[in-house]
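In the working numbering, the protein residues as written are 1 to 93.
The next block holds one structure in the form of structure tokens; read it before the comments.
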């Protein structure tokens, strides 16, 4: 359950708010009714910003595409459409 507290109240009663977090609550800290921080337990799972099942391309994406785009096919200088590229990247037929 999420509780909301003003930053001044959190500063004045920090120990009490930490007890709330330890009890399993999430505390949304606000200033002038705008969120500025969130207190959560270290055991709380935070949503990963990038799902783990999505492949992450290397830093040099253009080089990676050129190096892997022609495996098993003759090289061509014709442009590859986005859908063809997606099919190849995700092994779709």
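For glycine and all other residues, C-beta sits at the position ideal for the given N, C-alpha and C.
Under the DSSP definition of a beta bridge, residue 27 partners with 3, 39.
Per DSSP, the unbroken alpha helix (DSSP H) holding residue 83 starts and ends at 82–89. Counting only the Cα atoms, residue 40 lies some 11 Å from residue 1. Rounded to the nearest whole angstrom, the CA to CA distance from residue 19 to residue 86 is 49 Å. Closest option to residue 25, judged by alpha-carbon separation, among 89, 42, 82: 42. Under a 10 Å Cβ-count criterion, residue 10 is classified as buried, with 16 or more other Cβ atoms of the shown protein chains found around its own Cβ.
CA-CA distance, residue 37 to residue 28, rounds to 6 Å. If you draw a straight line from the Cα of residue 81 to the Cα of residue 89, it comes to about 12 Å.
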